[in-house]
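What follows is a short report on a single structure.
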Amino acid sequence: MKIFWHLRAFFRAHWRRYAVACLMLAGVAVLNLLPPAILGSVVDGIVAGTLDAHGLWRYAGALVAIALGVYVLRFLWRQILFGASYTLGRQLRQRIHAHLCTLSPAALAAFAAGDLMARATNDVQAVEMSAGEAVLSIFDGLVTGLLVLGVMVFGLSGWLTAMALAPWPLMGWALWRLGVQLLEHFDGAQAAFSRLNTVTQESVAGLRALRGLGAEAHAERLFAGASVEAAAASLEVARIDARYDPVIYLTVGTSFLITLGAGAWMIELDRLTIGQLTSFTLYLGQLVWPMFAFGWMANLVQRGSAAWARIDEFLHTPSAVPDTGTLETVSGQRLEVVVREFGYPGRVQPALADLSFVLEPGRTLGVVGPTGSGKSTLLALLARFYEAPQVSVHLGGRALAEYRLDALRAAIAFVMQEPVLFSATLRENLLLARPDASEQAIARVLDTAALGNDIAQWPQGLATEVGERGITLSGGQRQRLCLARALLGEARILLLDDALSAVDAETEHRILAALERDTRHLSRVIVSHRLSTVQSADEILVLREGHVAERGTHAALLAGGGWYAQTWRYQQLAAAAGGIA
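When the letters of the sequence shown are read in order and numbered with the numbering used here, they come out as residues 1162 to 1742.
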C-alpha cells in the first residue's frame, strides 16, 4: 500500500475527481442490491401464486430502470476515475522527460537507453493502474462487500452467511502469499524487459556497423538471450498472476455448495423461503467481485510499488551539474577558462590539466590534437555538461554556475561530433533552435551551412522527412543541418566539435568562409581533426594527453616544427595524392 502514500500529493490535487467517482461507485453498489431482492420477491410470489401479470411487468420495469441507472453511473465514473489516472501517467512521463533533460552525461551514464524507455512506458503504466484500477478495486470492493454482507446478515440470515463465508479466510491468506511472490518477481521482470529494450535499441542504432563487421549472428545471439530472459521472467510473473482467479473461484464455488446445502436445510425447517435463498445466492455471487477486486488490487499495488521504486530512483538521480544559478540572461561573450585538472569518474588519468585561455568576443579559437587528447572534453566543460572544483569557466565576467542552465544553454550553440536529428521534417528540426524563426532567417542559416542548394532540389523542400536520426540524409547533410540549426538560435558562443568531418574539403571551405562572414558577432571554439578547418583561427591550441602541447597562430605553429607542423604536412600530402585533407 506504499504506492498510495507515494502518490498522496496527486490524490490531494485531484481529490474532487476521486470523490465524485467514489460517490458514483457507491451509487452503483446500492443499485446493484435491488435486483436480487426483486428476483427473490418474484420467486416467492410465483411459489405462493400471488404474482399476476401486472406485478411481473412492474418488477420488470424496475429492473430495466435500475439497469439504465447503473449504465449511466458506470459510464460517468469510468470517465472521471480513469481520466484522473491517465492524467497521472501524463504527468509522470513529463516529469521523467523534464528530469532527463536536466541530467548531465555523467548521471545519464548510469542508465541504458532501453532501461529509460522501460521506466517511461511499462513502469509508468503500472503506477497509472495503481491510481485507477487499484482505487476502483479497493473502494468498490469494500463498499460492495460491506453493503452485500449487511443485507445478507441483517436482511436474510446471519447464520447462513457465516456458513457460506467459512472458507474465505483461507482465500485471504492465499492472496496475500501470492502478492508477496508477485512483488519478488515483478521487479526482475521489469529489469529483464529493460535489458531487452537496451539490446534492441543498440542493435537498431548500430545496424550498419553490425552488417559492416559481419556480426549479425552475434547480435542475434545477444537478442535471443535477452528475449529468452525477458520471456522467462514475464512467464514467472504470469504463472503467479494466473493463480489468483482459481483461488477466488474455488473459494466461491465452495461457498455456493455450502449455501445450497445449508439453505435447503433451512427451507425444510421453514426458516428461509425459496425466494430468500434465491436472493442470498445472488448476493453471494455479488461477493465474487469484492474478493476478486481485493486480489486484483493486491496484484496492482505490488506491481505499482515495484514500478514506482524504479521511477523514483530515476527522478531522484542527482545531476552532476546542479541548476543553482539565478542569472536569466548572458550579458557578455568574453570566455575565460582555467582548467587545473579534470578527470572522469573511475579514471586515474586526468582528461585535461594545466589548460587556460581567454577568448575575446568575436574571436575564434581552434583546438586540435590526436584522438583522446581531451578536445571534446574541453567543449563539454564550456557547455557545463560537467563541472569540477579545479575547473573555472567564466562567460561575460560571470562563472557558468551563476547562470540558470536554460539561459546558459540558450547562449551556447553546440554542434556535436555525432549529428543529433529527430524523426521529423527539415523545418521542424531547424525550428527546435528557435520556433519563431522567420523564413528569411532559415534561408540565411541554410546558406551559411551550404545546405540551401541541396534542399532546393528536393520536391518537398523543408517539408522533407529526415527519418529516424536523419537516416534519409547523407553524413555531410546531417552535419550541415545541425550546423544550420545551431546558427538559427540566438547564441553568443559557437562550439563546433569536429562538426564538418563528413563534409568534403571544397564544401568545408565554403562553410568556413560563410561562418567568418555571418558569425562575426559570435565567439567561436572549433575542434577539428582537419587542420585546414582551424588555420584561420585567432589562436590554436594543440592538445596531447590532456595538456597544451603547442599554442599560437597557424603560421607560428608551422614555424615551430612540432606535432601541428608535421600533421599539416601529412594532410597536405594526402590531399595532393587525392585523399581527404
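Note that CB positions come from ideal geometry on N, CA and C, so glycine has one too.
Which first and last residues belong to the alpha helix (DSSP H) in which residue i is found?
i     : result
T1538 : 1536–1543
D1658 : Segment 1654–1658 is the beta strand (DSSP E) holding D1658; no alpha helix (DSSP H) there.
S1693 : 1692–1695
R1588 : 1587–1592
E1474 : 1449–1476
V1203 : 1195–1209
M1290 : 1285–1292
Answer with buried or exposed for residue i, where buried requires no fewer than 16 other C-beta atoms within 10 angstroms of its C-beta.
i     : result
S1440 : buried
I1741 : Any reading at I1741 must be qualified, since the residue scores a pLDDT of 46, below 50, and its modelled position is unreliable; the value itself is stated next. By the neighbour-count rule (16 or more Cβ atoms within 10 Å), I1741 is not buried but exposed.
R1464 : buried
E1294 : buried
E1548 : buried
V1750 : Within the shown structure, residues of the chain are numbered from 1162 to 1742, placing residue 1750 beyond reach of any answer.
D1515 : exposed
W1450 : buried
S1416 : buried
N1614 : exposed
D1213 : exposed
C1262 : exposed
V1498 : buried
H1682 : exposed
Can you list, in chain order, the residues of its chain with a C-beta nearer than 6 Å to that of residue i? Leave out the 5 residues immediately preceding and following it.
i     : result
W1238 : A1182, M1185, L1186
L1448 : V1309
A1273 : T1359
I1164 : S1291, V1462, G1465, S1466, W1469
A1245 : H1175, R1178
A1335 : V1408
Which same chain residues end up closer than 7 Å to residue i when comparing Cβ atoms and leaving out the 5 residues on each side of it in sequence?
i     : result
E1711 : V1703, L1718, G1721, G1723, W1724, Y1725
L1264 : T1478, S1480
R1404 : L1339
Q1696 : H1715
P1531 : R1705
Tell me which residues share the same chain as residue i and place their Cβ nearer than 8 Å to its Cβ, disregarding the 5 neighbours each side in the sequence.
i     : result
A1226 : none
T1680 : T1609, L1648, L1655
T1625 : T1586, L1587, I1616, W1619, T1633
Assign residue i to one of three DSSP states: helix, strand, or coil.
i     : result
I1419 : helix
E1669 : helix
R1565 : coil
T1485 : coil
T1532 : coil
S1684 : strand
V1360 : helix
E1345 : helix
I1741 : Confidence at I1741 is low in this model, with a pLDDT of 46, below 50, so the placement of that residue is unreliable and no value is reported for it.
G1628 : coil
F1753 : Absent from the model: residue 1753. The displayed extent of the chain is 1162 to 1742, so no value can be given.
L1644 : helix
A1560 : strand
G1222 : helix
T1525 : strand
S1689 : coil
Rounding to the nearest angstrom, what Cα-Cα distance links residue i and residue j in this structure?
i     : j     : result
I1401 : A1287 : 17 Å
Q1601 : N1283 : 44 Å
S1534 : A1270 : 21 Å
V1686 : R1495 : 12 Å
E1487 : A1645 : The sequence as given places Thr at residue 1487; Glu does not occur at that position. Taking the straight line from one Cα to the other gives about 30 Å.
G1650 : F1575 : 10 Å
V1554 : A1394 : 49 Å
R1501 : L1513 : 8 Å
V1204 : L1321 : 19 Å
P1511 : L1540 : 16 Å
L1569 : V1482 : 12 Å
A1223 : T1412 : 32 Å
S1298 : A1454 : 5 Å
R1524 : G1628 : 36 Å
V1491 : P1522 : 13 Å
L1520 : L1582 : 30 Å
Q1252 : V1285 : 10 Å
V1312 : G1302 : 15 Å
For the beta strand (DSSP E) containing residue i, list its first residue and its last residue.
i     : result
I1573 : 1573–1576
L1516 : 1513–1520
G1713 : 1708–1713
H1555 : 1552–1556
L1704 : 1700–1705
R1501 : 1496–1503
Does residue i come within less than 7 Å of chain B when only Cβ atoms are used?
i     : result
G1527 : Annotation note: the requested chain B is absent from the structure, which comprises a single protein chain.
Is residue i a contact residue of the ligand GDP, with contact defined as CB to any heavy atom under 6 Å?
i     : result
P1328 : Ligands in the displayed structure: none, and consequently the ligand GDP is not present.
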